[in-house]
Amino acid sequence: MNQGTGRLAGRVAVVTAAGQGIGRATAEPAGGGRGRGLRQRHQADLLASLQGAATARLDATDAAAAAYFSAFARIDVLVHAVGYVHQGTIEECGPEDWRRSVSITLDSAYNVIGRAVPKMKAHGGSIVTIGSVASSIKGFPRRAAYGAAKGGVIGLTKAVATDYVSFGIRCNSVCPGTVASPSLEERIGELGETLGSREEAYRAFISRQPAGRFGTVEEIAAFCAFLASDEAAFITGQAINVDGGITI
């Protein structure tokens, strides 16, 4: 997220899950030493290779670890991209699967947003959550835990937008369709074991995209940057689908 020049010049932006995927694409252009990329406790090598942003490791599911935010005098932009995709129906989702899904996807949003809001109240700011069309927006096969957790993220986004609009804090959710990312590659691999090949799994994923292709992490990152900018100053409390037509 480029706050060195242009629409976000001089602003302090924090991006979670910055090691790979959407989080990385959002954080990597951060210039001038003002960006902060955060990654959960694993895959530290991915975070270490992040260019153009100061980085730190924390477990966003741990409320105590979120005390990291106390070091900031102010935060202008927060993009929260932490999430976990469990593949399965409710029958295929055991208690541990459910708790992991809710902890990583929803509890992390509670922890991080709750710490960032006090750093924005004096001057306003923009919070962008990464939701999903697989949520309260639309049901997808074998996404019981994921859809529930992302639906919670959208609900929290709207609640925060309502509570803090008078402070000049905007909160919106970007809801991607299927995006080419390391996470998608893992899911294709898992589904391929069920269907018999990665090729069959790939066709199953691409068949639900009316645009005939997957989105890119750069496309989602660009929309996050727009929502963080003054150009989107009249937009708050929205869950905006960026999905290649999957919800048409």
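In our numbering, the protein residues as written are 16 to 263.
The beta carbon of each residue, even a glycine, is placed where N, CA and C say it ideally should be.
Because the structure is a prediction, the values reported are computed rather than measured.
Report the rounded CA-to-CA distance for T70 versus V30, giving the unit in angstroms.
Working through the sequence shown from its first residue, we reach residue 70 at position 55. Working through the sequence shown from its first residue, we reach residue 30 at position 15. Rounded to whole angstroms, T70 to V30 spans 10 Å at the Cα level.
Taking contact to mean at least 3 C-beta pairs separated by less than 8 Å, is the region 205-215 in contact with the region 163-174?
No, because fewer than three Cβ pairs between the region 205-215 and the region 163-174 fall closer than 8 Å, the two stretches do not touch.
Decide if T245 is buried, meaning its Cβ has at least 16 other Cβ atoms within 10 Å, or exposed.
Against the sequence shown, residue 245 aligns to sequence position 230. The identity of residue 245 in the sequence shown is Asp, whereas the question assumes Thr. Burial state of D245 is exposed, judged by a 10 Å Cβ sphere holding fewer than 16 other Cβ atoms.
Every unbroken beta strand (DSSP E) inside the region 100-152 [3 residues or more]:
Runs of the beta strand (DSSP E) inside the region 100-152: 140-145.
For a minimum of 4 consecutive residues, which ranges assigned as the alpha helix (DSSP H) are wholly contained in the region 175-253?
Qualifying alpha helix (DSSP H) stretches, in chain order: 197-210, 213-221, 232-243.
On the DSSP letters alone, give me the boundaries of the alpha helix (DSSP H) that R39 sits inside.
In the sequence shown, the residue the question calls residue 39 occupies position 24. Note, R39: alpha helix (DSSP H), 36-42.
Under 8 Å, with one C-beta from each stretch per pair, do the region 194-203 and the region 135-149 reach the 3-pair mark?
At 8 Å Cβ cutoff, the stretches do not touch.
In whole angstroms, what separates the C-alpha of F249 from that of G36?
For the purposes of this step, residue 249 is identified with residue 234 of the sequence shown, where counting begins at 1. For the purposes of this step, residue 36 is identified with residue 21 of the sequence shown, where counting begins at 1. In this model, F249 and G36 are separated by some 28 Å (Cα to Cα).
Would the beta-carbon of V168 fall within 8 Å of that of L121?
As a working note, residue 168 is residue 153 in the sequence shown. As a working note, residue 121 is residue 106 in the sequence shown. Yes; because the gap between Cβ atoms is below 8 Å, this pair is in contact.
Rounding to the nearest angstrom, what Cα-Cα distance links L73 and Y83 in this structure?
Taking the first residue of the sequence shown as 1, we reach residue 73 at position 58. Taking the first residue of the sequence shown as 1, we reach residue 83 at position 68. Straight across, the Cα-Cα distance linking L73 with Y83 is about 8 Å.
Collapsed DSSP secondary structure at A81 in the structure displayed:
Here residue 81 is taken as the residue at index 66 of the sequence shown, counted from 1. Correct three-state label for A81: helix.
Determine whether the beta carbon atoms of D112 and G98 lie at a separation below 8 Å.
Here residue 112 refers to the residue found at position 97 when the sequence shown is read from its first residue. Here residue 98 refers to the residue found at position 83 when the sequence shown is read from its first residue. No. Outside cutoff.
Can you tell me whether T262 is buried or exposed? The criterion is at least 16 other CB atoms within 10 Å of its CB, across all chains shown.
Within the sequence shown, the letter at position 247 stands for residue 262. Counting the other CB atoms within 10 Å of its CB gives T262 a total below 16, which places it among the exposed residues.
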